[in-house]
Structures are given as C-alpha cells and as structure tokens.
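K.L.:
I have a structure here, written as structure tokens, and I will follow up with some questions on it.
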Amino acid sequence: MAFEVIRHQLPLFEEEGRSAAVDDEQGRDLHYLPDLPEEDPYAAGHRTCAGCGPAIQYRWVLKAAGRDTVVAGPTGCMYVANSTYLCTPYTVPWAHTPIASGGSFTSGMAAGYEAMIRKGRYPGPYPNILVMAGDGSAADIGIGSISGALYRNHDALFVCYDNECYANTGIQTSPTTPYAGMTTFTPFGTAIPEGKKLPPKNLAKMMAEGHPHCYVATTTVGYPVDLMNKTRKGLNHVGAAFLHCYTPCQKGWVYQTSMTVELGRRVVESGLWPVWEYDPEMRTYRYFHPPVQRPVTDYLAMQGRFGHMLPEHVATTQVAANRNWEAIGMDVPETLREGEDPARHQRLHDEEYSMPLNRGIGA
Ligand SMILES: Cc1ncc(C[n+]2csc(CCOP(=O)(O)OP(=O)(O)O)c2C)c(N)n1
Ligand code: SF4
Ligand SMILES: [Mg+2]
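Next up, the structure:
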C-alpha cells in the first residue's frame, strides 16, 4: 500500500508598504517586521565576514523555510565559513556536498523522502528540501547537476547565492562577475583596463527558459520580505524551483560592511539586477518596477572592485542597464540615456553621484 505524500503550504508575508515598491521615505527601510518568524534555523555564531551578503541570505531563507527543513550546501564560503570541526550554525539537518553535486545530492534527498513516505518508512509530512549553492557552483562547476534536477522536476528549492565571484578560494572571477568587476583573475592594467571584459551569464533566465515547468525567481538581500516570500513560493511549488539571489561579498567587492542591504536595493534601482518571477503555469514573467531609477554610478561608486573604471567602461555599464530597463518594460529617462555616451563620464574615481553615500574604498 502506498501512503499519501502530504506537503507543507507556507503562508506568504504581507508585502505592501514594506519593499522598494514605495517611496524611500515611506517604506524603503521598513523591512524588519514584527510578524516575521522569530526562529532562526541559521543561528548566530558562524564565522563569515562582517556584512557577508550570503550569510544574510542564508538566515532569511531558513527563517522563511522554518524548522521542518533539510538543507544542503555545496563547497564555497557558506560551507567553509559555516562549518568548522563539529560545529555549524544550523538547527536543522544540513549536509555538505561537493561543489559540482548540489543538484544531484538534492535530487537524491527529494526522491528519498518521497519514496520513504510512500512506503510508510517516514511519517511525513514531506519536509522543505533546499540547497543553497554559490555562483561558482550553480552557474559554473555545478550547473549541470542543478539543470538535471530542475529538468527531472524534483520537489525541492535550488537557491544560488550570488556573490559574483569564487569567494572562498580568493575572489576569482566566475561567470556572474559583472563587466569591469575586478577579481584576482581579472586584474585591470594597461592591456585590459576594464578588468573583466565579458558580461555576466544570465543564470536565472537560462534556468527559466531552459526548464519552463519550474518556478524561477530573482531577488536580492535588499528586499528581505520579497526574498522570504519567494523562498516560500518556491517551496510551496510542487516540483522544482530555482531562486537566484544577489548577495554582496564585503571582502571581494570592497565596500563598507554596513552597506550590504543598501547595495541590494541600489543594484535594482540602477537597472543592473532585474527582479522578477516566472510563472510556470502561465509561462509568463512578472517584473518588479522599482520606483527609483538611478545612474549606474550610484551603485558602482560604493565598491572598490569598480574603482579603476574609465569613462567608456561606465558608459558600457549604463548601456547594459538601459537595455535591462527596456527589457522589463520601463522607460529609460533622458539622463540615463545620456549616460550611454562616454563623453558624459569621467573616471569612476572622479564621477559625481546623485546619492553620494559611502564611496567604496578605492572608488
Ligand atoms: C571540483 C572543485 N573545483 C574547485 C574547488 C575549489 N573550491 C572550493 S570553494 C570554491 C569557490 C566556490 O565559489 P562559489 O560557489 O561562488 O561560492 P563562494 O565561495 O563564492 O561562496 C572553489 C573553486 C572544489 N572544491 N571542487
Ligand atoms: S569572503 Fe565574501 S562570501 Fe565569503 S564569508 Fe566573506 S563576505 Fe561572505
Ligand atoms: Mg560565489
């Protein structure tokens, strides 16, 4: 006899007035809410850097998932910095996987729980099963195993915490490192003044277009309620889900440690990280339209990794942002169009900013 597999349906949090969907003065800072869960399956005491974006993401995702959760973590900062000998910050079951195997390991967990529940060997309900992999894992070394898991539609949430570099091994470039982002493998110099020459891989769109039966979404640590709700939607979706989260790396990007969440908003407001949701039933995208549109310099100037940029590099980045605005159905203001002209810029170091808060060291 086969037993029924009962699944959780996690309620969503009220978002209105709490995200960047409202003006700065009204709601930009109203993210820390009394009705969010008190539990922290990712407890204090880990050893990530101060201001670590991936650690913030881990905390919010596990808060949203709750106690009945099993989580896997492929090799990366969030494995190494979180698990010293006999000690992890998790109060839920956690397992490390090789960097390439986050998808296959999580497939096995999902298939195993299903089979055990059906056979009556696990009382259920089906737990929240998720993996949180870095960009080096999810967009590069382990993309095959995650794509396979999405394709086979295992009932799990596959999260990429994207700090836009291979952080744990010394800030090397990854496929999601942005154009002109300086890493230890993309130094700037006379031969290649921009540092990184290539545009970033559009991982989330690849996942949505390539696996149209899956729930896919993007988010950032700048919008905790959005992050938590998309976590819950991904877990509630019966089948595979993929969440791509922008998570600044203080050490690799060189910015003031208190600015992690601010970066998570400015990257959206400057058009460099479109926030959206893909609905697998309707096969449509729903794009978030931020109320503020900033020049890319408001974002770039906060980070030392961009401090070397020349006028033409800033203009190239503004071109990319403007194409993103158009792609998500927003008008491009005249001032931002003018920013496509290198003659409108100076070296990033000498640029003026409309919101000159906290310049990155070296920028
Ligand atoms: C097959 C394989 N290649 C290389 C490594 C070395 N390695 C360990 S952590 C890491 C960086 C992973 O980067 P990412 O997934 O982006 O996570 P982050 O360190 O940025 O958190 C690398 C390359 C490895 N463990 N396994
Ligand atoms: S190097 Fe970056 S990703 Fe790694 S722990 Fe530090 S801030 Fe976090
Ligand atoms: Mg990384």
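Sequential numbering of the sequence shown, starting at -19, is according to my numbering. Ideal Cβ positions, reconstructed from N, Cα and C, are used throughout, including at glycine.
Within the present structure, is the beta-carbon of Ile79 separated from the nearest heavy atom of ligand 2 by less than 8 Å?
P.N.:
no
K.L.:
Can you give me the Cβ contacts of Gly232 inside the same chain, cut-off strictly under 6 Å, excluding the 5 residues immediately before and after it?
P.N.:
Cys145, Ala147 and Ile151
K.L.:
Note down, one range per segment and in chain order, each alpha helix (DSSP H) of at least 4 residues found wholly within the stretch 16 to 87.
P.N.:
33 to 45 and 57 to 60
K.L.:
Which residues count as close to ligand 2 when the rule is a CB under 7 Å from any of its heavy atoms, in chain order?
P.N.:
Thr28, Cys29, Gly31, Cys32, Gly33, Pro34, Ala35, Cys57, Ala61, Asn143, Ala147, Asn148, Cys229, Gln230, Lys231 and Gly232
K.L.:
In this structure, how does DSSP classify Phe286 when only helix, strand and coil are distinguished?
P.N.:
helix
K.L.:
Excluding sequence positions up to five away, which residues of its chain have a Cβ less than 6 Å from the Cβ of Leu223?
P.N.:
Correct list, in chain order: Val139, Ala197, Lys210 and Gly214.
K.L.:
With respect to 8 Å, is the separation between the Cβ of Ser127 and the closest non-hydrogen atom of ligand 3 below this value?
P.N.:
no
K.L.:
Could you tell me which residues DSSP puts in a beta bridge with Arg(-13)?
P.N.:
Tyr106
K.L.:
Across which residues does DSSP place Thr200 in a beta bridge pair?
P.N.:
Tyr226
K.L.:
Hey, which unbroken runs of the beta strand (DSSP E) at 3 residues or more fall wholly within the stretch 124 to 155?
P.N.:
137 to 142
K.L.:
Compare the beta carbon distance of Gly82 and Ala118 with 9 Å and say whether it is the shorter of the two.
P.N.:
yes
K.L.:
According to DSSP, is Glu257 helix, strand or coil?
P.N.:
strand
K.L.:
Out of Tyr106, Ile79 and Pro78, which has the shortest C-alpha to C-alpha gap to Ala91?
P.N.:
Tyr106
K.L.:
Short check: CB of Glu(-6) to CB of Asp15, under 9 Å?
P.N.:
yes
K.L.:
Got a sec: does ligand 1 put a non-hydrogen atom nearer than 8 Å to the Cβ of Thr55?
P.N.:
yes
K.L.:
Determine whether the beta carbon atoms of Ala52 and Ala35 lie at a separation below 9 Å.
P.N.:
no
K.L.:
Can you tell me where the beta strand (DSSP E) holding Thr264 begins and where it ends?
P.N.:
Counting along the chain, the beta strand (DSSP E) containing Thr264 begins and ends at Thr264 to Tyr267.
K.L.:
Whole angstroms is fine: what's the gap from Cys194's alpha carbon to Asp311's?
P.N.:
29 Å
K.L.:
When the distance is taken between beta carbons, is Pro54 closer than 9 Å to Pro17?
P.N.:
Taking 9 Å as the Cβ cut-off, Pro17 and Pro54 do not qualify as a contacting pair.
K.L.:
How far does the alpha helix (DSSP H) with Asn304 in it reach, from first residue to last?
P.N.:
Pro291 to Ala307
K.L.:
Have a look at Asn108 and Ala136 and give me their C-alpha separation to the nearest angstrom.
P.N.:
7 Å
K.L.:
How long is the line joining the alpha carbons of Leu280 and Thr227, rounded to whole angstroms?
P.N.:
15 Å
K.L.:
What I want to know is whether the C-beta of Tyr59 ends up closer than 8 Å to one or more non-hydrogen atoms of ligand 3.
P.N.:
no
K.L.:
Spatial neighbours of Asn216 within its chain, please: C-beta separation below 7 Å, excluding the five flanking residues on both sides.
P.N.:
Gln(-11) and Leu(-10)
K.L.:
I'd like to know whether the C-beta atoms of Ala113 and Pro69 end up nearer to each other than 9 Å.
P.N.:
no
K.L.:
Which same chain residues end up closer than 7 Å to His293 when comparing Cβ atoms and leaving out the 5 residues on each side of it in sequence?
P.N.:
Ala160 and Glu174
K.L.:
In whole angstroms, what separates the C-alpha of Arg285 from that of Met(-19)?
P.N.:
Across the structure, Arg285 and Met(-19) are spaced so that their CA atoms are roughly 59 Å apart.
K.L.:
Mind checking if Asp135 is an interface residue toward chain C, Cβ cutoff 9 Å exclusive?
P.N.:
The chain labelled as chain C is not found in the depicted structure, where only one protein chain is given.
K.L.:
Do Gly122 and ligand 3 come close, with the Cβ less than 8 Å from some heavy atom?
P.N.:
Within 8 Å of the C-beta of Gly122 there is not a single heavy atom belonging to ligand 3.
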